[in-house]
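Q: Input: one structure, supplied below.
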Amino acid sequence: MRRSDLGEFEEVVLLAVAALSPGAYSVLIAEELERETGNSVSTGAVHAALQRLEQKGYLRSELGEATAERGGRRKRLFTVTALGGRVLSEVRAVRNRLWDRIIPNIRLEWS
Amino acid sequence: MPNTPPQPVGPRFADRLLTWFCAPHLREEVLGDLHERYAIRAKRVGEARARQRYWLDVVAYIRPEFIKRQPQPYSNPKITDMLRNYVKIAWRNLMLNKAFTAINMLGLAIGLTSFMLIAVFVFNELSYDQYPTKAKNIYRVQLSVAGNGDVAVYPNVDVAVGEGIQRTFPEVKASTRFRPVSDYIQYKANQFKEAHLAFADSNFLQLFSIPFIKGNAATALIAPNSIVISKEFARKYFGDEDPIGKALAVGTQRSAFTVTGIIDKVPDNSHFHTDAFLSLSTHHIEHPTWSNVGTYTYLELADKADPKKLEAKFPQLVAKYVVPEVQRDMGVSLAEAQKSVETFRFSLQPLTDIHLYSNTKYELEPNGDIKYVYIFSALALFILLLACINFTNLSTAQAAKRSREVGIRKVMGSIKKQIVFQFLTESVLLTLLAMVCAYGLLFLLLPYFNQVANKQISYSFFLNYQAILTLFLVSLLSGMLAGAYPAFFLSSFSIIRTLKGAFFGKSSQKKSLHSGLIVFQFSISTILLIATIVVYKQLQYMQTKKLGYDKDQVIALPDTRLLGDKQLAFKEQLAQNAHVVAASLSRYTPGGIMMDGTQIYPKNETGNGAEIHTNIFHIDYDYLRTLGIQVVQGRNFSRDFPTDSISGVLINESAVHELGWKGTNPIGRSIVRSGNHEFKVIGVVKDFNYVSVKQKVAPLMLLMGRNAGGIVLKIKTTDVAGFLDDLKQQWESFNPNGPLEYHFLDDQFATFYASEQRTQQLFSAFALLAVIIASLGLFALSAFVIEQRTKEIGIRKVMGASVPGIVQLLVKDFVQLVLISVVIASPIAWYAMHHWLQDFAYRIEVEWWMFALSGLFALTIALLTVSFQSIKAALVNPIKSLRSE
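What follows is the structure, encoded as structure tokens:
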């Protein structure tokens with residue numbers, strides 16, 4: 197498994213699915229990301245990322261229930277697979293190791 | 002949640018767009034997401050903002066992941082597979098009924114060919130004078146003068162008008178003048194009389210975008226004595242020499258004109274066709290005038306100028322320039338001059354309208370007529386319609402045969418749309434085959450068409466992609482038109498009934514449709530037949546009408562001015578010739594192009610009468626005798642009265658009438674013409690048609706002529722060829738300045754009616770085509786109907802019916818229909834032809850026998866087509882017909 201498999205946006209979306217599970221789906225994720233980042237996020241972008249992640253086997257999906265806001269249309273709910281979970285923790289481990297090597301006084305100089 | 006209030010819905014169109022591009026298996030979740038997000042946003046930031054975001058969100062879905070369709074597990078026949086099947090079945094069906102197919106195809110091919118030919122004719126007529134780059138901004142200045150009870154319109158004005166208008170009104174960017182002439186041109190040994198020369202201003206060629214081969218369009222005609230010639234013209238005089246800089250001798254004076262440019266030629270679709278342009282600067286005019294006519298003047302207006310507004314400003318020019326001139330010329334007071342120019346109006350004629358809308362007496366060339374464009378367009382459509390009707394009629398007649406096929410198709414799962422499409426394929430395929438035939442016919446008929454319509458249309462016109470595309474579209478459309486009714490009719494059968502064979506029970510509706518269509522076809526044919534007869538009779542009437550003079554055996558020599566002073570001697574010598582009945586020295590012949598005109602008014606005891614326009618012929622003592630013109634009152638010019646040649650005048654009956662002298666004795670009264678010349682009337686001649694019979698005889702005055710320039714001869718009928726040889730020899734013996742020109746008056750007369758002759762030929766041709774198409778349809782339909790009744794005929798014969806009885810039975814229906822058509826056609830034809838005849842001053846009446854004759858003709862054709870089939874059917878041995886099937 198190579199790092200390049202997971203783009204930055206994909207990683208965030210994958211994380212969001214994990215955080216919102218169960219019941220993570222594109223609208224919820226997009227709203228969540230918008231709130232967290234302050235940038236506007238379209239469902240199209242999220243949906244595309246979800247599809248890619250599903251193709252790579254990090255996510256699994258099923259059709260959920262319909263609501264009135266959706267005009268009676270069903271939503272596609274996503275859950276993280278075991279593989280997806282492993283990838284997430286690996287990515288996190290890499291990051292943590294790197295964070296840990298930063299000397300605290302350098303961190304101070306940024307502000 | 003059954004009771005939630007209706008949720009706000011996003012932009013409809015965005016949804017439609019998304020549904021269109023988004024792959025079907027993703028549509029549900031994507032649309033759902035969008036709507037849910039919209040609802041959230043609408044609550045948070047309001048509907049307007051939410052709608053904006055909605056669009057952005059929809060756009061964000063435009064990516065391959067969402068557009069790409071999911072592969073389907075089932076076989077997915079391509080649309081072409083079904084199409085191929087349709088074509089195959091259609092082809093088989095067409096081949097199954099070869100006779101019907103042939104008849105339909107022939108009819109459609111004829112229809113399409115006539116349509117194309119007429120379309121080309123119309124296209125060509127509409128393209129006239131579109132070639133100058135500024136065509137839309139060019140206008141011709143016209144002059145209209147009311148008098149003699151109607152308005153005389155001149156397409157030309159006086160020499161000063163163009164420049165005067167340009168100087169006064171800034172919206173006029175340019176003005177240019179054009180004066181057509183006809184004269185002798187000589188280069189070394191080559192001398193010809195050129196009929197299409199013109200003096201033109203230096204900016205004329207550039208304004209009209211005449212394509213130059215050599216020389217500069219802007220400067221070629223600036224210098225006096227310059228001439229610009231066409232390629233053809235250059236070859237005629239110079240052969241392979243380079244004409245630039247060489248001198249041509251023009252006219253009897255042999256003035257030298259230097260060739261400064263060569264043009265390709267004036268485009269065919271132009272309202273003038275000049276072979277050589279001479280610089281108008283050659284003639285220096287000291288005092289240009291405003292009140293005469295004869296100079297064709299064109300203006301170029303600025304892009305935004307309104308010609309109507311400009312026209313409205315012209316009266317100020319009339320007051321400023323024309324009034325003083327009239328005052329001086331006629332020797333009248335200011336008030337009288339102002340009164341006499343009251344109806345004197347300059348107007349503007351758009352260049353592109355000249356060919357189709359302008360119909361003055363003095364056009365440069367005979368123009369077209371928008372009426373004929375409409376008439377022929379309608380004809381083209383009707384003929385195509387007739388051919389389509391044949392198909393409709395035959396297909397519905399065959400419905401019984403095809404109904405089982407439709408039934409089976411429906412049982413196998415065909416839906417109505419597919420059956421309609423199947424039948425439409427059949428008719429479109431047929432029209433496309435007909436289109437191929439039409440192309441063949443087109444190439445065969447084009448030379449004749451060009452001759453009849455007087456056009457130069459080349460084959461290549463039909464080979465460019467626009468023409469092919471047009472024909473293809475027309476074929477496709479007519480195929481659909483022809484196939485539409487049968488397709489919907491056949492596909493509407495109910496399965497059970499068609500398979501049971503119960504179809505035949507309810508055919509009254511179908512029969513009335515057939516009858517209606519046949520009546521329509523024959524009505525059109527009959528109308529065309531009547532039109533043909535009327536046009537033919539009118540033409541014959543004009544050609545044989547008593548003209549008031551004797552046109553037979555009269556020779557006109559238009560250019561005896563080449564003899565100079567020896568003209569009179571030549572005439573006297575000819576008068577002595579045993580073959581010559583009479584000879585007269587005059588350039589003016591009835592139907593000729595030479596004609597002068599002036600304004601005159603009668604001088605009465607109680608003041609002057611109203612001014613009228615009159616034409617002038619300059620003649621000599623022998624003129625009336627030579628042309629057999631009768632004097633009804635007074636006397637001819639006579640050598641016994643020396644004053645005749647100075648102040649004597651002969652006028653025609655029409656002039657007497659217009660001058661207001663009707664019922665009084667005009668002999669000895671005086672008329673005054675412009676320039677204050679006074680003439681005494683010595684005689685009145687009977688009206689003779691000195692212009693085309695299309696126009697009423699207008700007032701004419703005959704004056705004793707000075708330096709005549711032409712000779713008119715009345716000769717005996719014997720040995721004309723010998724006399725002509727003799728004439729040439731005598732001409733040569735006088736050492737003339739150029740070759741002898743002569744023509745017979747009756748030949749020239751015939752050219753008057755060229756356009757009517759063309760109309761007549763075209764009408765005859767289209768009438769013939771319409772009749773052919775209609776009878777083809779009738780032939781096939783009757784064949785079919787009779788085939789259906791084979792058993793009935795057999796049984797009738799067994800029961801003792803006679804052959805004539807059966808024939809009568811079969812023919813009766815069709816004859817009735819044709820009779821109805823004649824009844825419908827007659828009033829329409831009467832109305833149309835009555836209108837057409839109004840254009841002629843001397844015209845025939847539409848008479849009942851014309852309707853009877855056309856009706857009889859239509860009936861005969863119908864009888865012949867139907868009875869052939871009927872007699873064949875009636876003669877068949879009943880054993881055979883009863884055994885059939």
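Those protein sequences? They're chains A and F, same order as listed.
Throughout, the working numbering is defined as the position within the first sequence, counted from one, plus 196.
Throughout, the working numbering is defined as the position within the second sequence, counted from one, plus 1.
Virtual Cβ for every residue (Gly too), placed ideally from N, Cα, C.
For chain A, check one thing: does any of its Cβ atoms lie closer than 8 Å to the Cβ of F:GLU37?
A: At least one chain A Cβ lies under 8 Å of F:GLU37.
Q: How about F:VAL686 and F:LEU704: do their beta carbons lie closer than 8 Å?
A: Their beta carbons are not under 8 Å apart, which means F:VAL686 does not touch F:LEU704 by this criterion.
Q: Per the contact definition of three or more C-beta pairs closer than 8 Å, is the region 791 to 802 of chain F in contact with the region 849 to 866 of chain F?
A: Counting Cβ pairs under 8 Å, fewer than three are found: no touch.
Q: If you run the structure through DSSP and keep just helix, strand and coil, what is F:GLY801?
A: In this structure, F:GLY801 counts as coil in the three-state DSSP scheme.
Q: Taking the CB atoms as reference points, tell me whether F:LEU349 and F:LEU311 lie closer together than 8 Å.
A: Yes, these two residues count as a Cβ contact at 8 Å.
Q: Please list the partners that A:SER238 has in chain F, where partner means a Cβ-to-Cβ separation under 7 Å.
A: Near A:SER238 (Cβ distances below 7 Å), the residues of chain F are LEU57, ASP58, ALA61.
Q: Using a Cβ-Cβ cut-off of less than 9 Å, give me the residues of the region 23 to 54 of chain F that come near chain A, in sequence order.
A: Those residues of the region 23 to 54 of chain F that come within reach of chain A (Cβ to Cβ, closer than 9 Å) are LEU27, ARG28, GLU29, GLU30, VAL31, LEU32, GLY33, ASP34, LEU35, HIS36, GLU37, ARG38, TYR39, ALA40, ILE41, ARG54.
Q: Given a cut-off of 8 Å on the beta-carbon distance, is the pair F:PRO367 and F:SER756 in contact?
A: Yes, Cβ-Cβ distance for F:PRO367 and F:SER756 is below 8 Å.
Q: Enumerate, from N- to C-terminal direction, the unbroken beta strand (DSSP E) stretches of 3 or more residues contained entirely within the region 577 to 631 of chain F.
A: Listed in chain order, the complete beta strand (DSSP E) runs (minimum 3 residues) inside the region 577 to 631 of chain F are 581 to 586, 597 to 605, 613 to 620.
Q: Take F:ILE562 and list the residues in its own chain whose beta-carbon comes closer than 6 Å to its own, dropping the five residues that flank it on each side.
A: Checking the sequence shown, residue 562 of chain F turns out to be Arg, not Ile. Correct list, in chain order: GLY710.
Q: Look up F:ILE652 in the DSSP assignment and say whether it is helix, strand or coil.
A: Reduced to three states, the DSSP call for F:ILE652 is strand.
Q: Pull up the CB-CB distance for F:SER585 and F:ASP623, whole angstroms please, since I reckon it's below 8 Å.
A: About 4 Å separates the two Cβ atoms, so the contact holds.
Q: Would you list, in sequence order, the uninterrupted alpha helix (DSSP H) runs of no fewer than 4 residues that lie entirely inside the region 769 to 800 of chain F?
A: Listed in chain order, the complete alpha helix (DSSP H) runs (minimum 4 residues) inside the region 769 to 800 of chain F are 791 to 799.
Q: Taking the alpha-carbon positions, what's the F:GLU679 to F:VAL333 distance?
A: Their backbone Cα atoms lie some 14 Å apart in a straight line.
Q: Just reading off the alpha helix (DSSP H) that F:MET436 is part of, what are its end residues?
A: 417 to 454 is the extent of the alpha helix (DSSP H) around F:MET436.
Q: Starting from the C-beta of F:ASN897, find all residues in its chain whose C-beta is less than 7 Å away, skip the five residues before and the five after it, and write them out in chain order.
A: The question about residue 897 of chain F has no answer here: the residues shown for chain F are numbered 2 through 886.
Q: Of all the CB atoms in chain A, is at least one closer than 8 Å to the CB of F:THR20?
A: Chain A contact via Cβ: absent.
Q: If contacts are defined as beta-carbon pairs under 8 Å, then A:ARG272 and A:LEU255 qualify, I think. What distance do you get, rounded to the angstrom?
A: Not really, about 10 Å apart at Cβ, beyond 8 Å.
Q: Spatial neighbours of F:GLY506 within its chain, please: CB distance less than 8 Å, with the 5 preceding and 5 following residues excluded, ordered by chain position.
A: Bear in mind that a pLDDT of 45 at F:GLY506, under 50, signals an unreliable position, so the number given afterwards is only what the model happens to contain. Once the five neighbours on either side are set aside, F:GLY506 has no close Cβ partner at all.
Q: What are the boundary residues of the beta strand (DSSP E) that F:THR298 is part of?
A: F:THR298 -> beta strand (DSSP E) spans 297 to 302.
Q: Beta-carbon within less than 8 Å of F:LEU477's beta-carbon, same chain only, minus the 5 sequence neighbours each way: which residues are those?
A: The residues are VAL429, THR432, LEU433.
Q: Cβ closer than 7 Å: which chain A residues qualify as neighbours of F:GLU66?
A: Going along chain A in sequence order, the residues near F:GLU66 (Cβ under 7 Å) are ALA244, GLN247.
Q: Is the region 221 to 237 of chain F touching the region 142 to 157 of chain F in the sense that three or more CB pairs, one from each, lie closer than 8 Å?
A: Not touching, per the Cβ criterion.
Q: Determine the contact status of F:VAL808 and F:SER868, defining contact as a CB-CB distance below 8 Å.
A: Yes, these two residues count as a Cβ contact at 8 Å.
Q: Which value, in whole angstroms, describes the spacing of the CA atoms of F:SER378 and F:PHE124?
A: Taking the straight line from one Cα to the other gives about 10 Å.
Q: According to DSSP, simplified to helix, strand and coil, what is F:THR718?
A: Here F:THR718 sits in coil by DSSP.
Q: Using DSSP's beta-bridge definition, name the partner residues of F:GLY684.
A: BP columns for F:GLY684 point to F:GLY635, F:LEU651.
Q: Just the C-alpha distance for F:VAL475 and F:ARG70, rounded to the nearest angstrom, thanks.
A: Rounded to whole angstroms, F:VAL475 to F:ARG70 spans 37 Å at the Cα level.
Q: Tell me, which residues are paired with F:ARG85 by DSSP?
A: Partner(s): none; F:ARG85 has no beta bridge.
Q: Counting contacts by CB-CB distance shorter than 8 Å, is A:ALA278 in contact with chain F?
A: Not closer than 8 Å to any Cβ of chain F, the Cβ of A:ALA278 fails to qualify, so no.
Q: Looking at the strands, I want to know which residues DSSP matches up with F:MET96.
A: The partner list for F:MET96 (beta bridge, DSSP) is empty, contrary to what the question assumes.
Q: With contact counted as at least three CB pairs below 8 Å, one residue from each stretch, are the region 664 to 684 of chain F and the region 721 to 728 of chain F in contact?
A: Contact fails: fewer than three Cβ-Cβ distances are below 8 Å.
Q: Tell me, which residues are paired with F:GLY549 by DSSP?
A: DSSP, once it has assigned bridges, lists no residue as partnering F:GLY549.
Q: At a cut of 8 Å, does the region 189 to 196 of chain F reach the region 396 to 409 of chain F through at least three beta carbon pairs?
A: Contact between the region 189 to 196 of chain F and the region 396 to 409 of chain F is absent, because fewer than three Cβ pairs lie under 8 Å.
Q: Flag this pair as yes or no: are the beta carbons of A:VAL276 and A:LEU216 separated by less than 8 Å?
A: Contact flag unset, no.
Q: Just list the alpha helix (DSSP H) runs in the region 364 to 411 of chain F, keeping only unbroken ones of 4 residues or longer that don't cross its boundaries, in chain order.
A: DSSP runs (the alpha helix (DSSP H)) wholly in the region 364 to 411 of chain F: 371 to 398.
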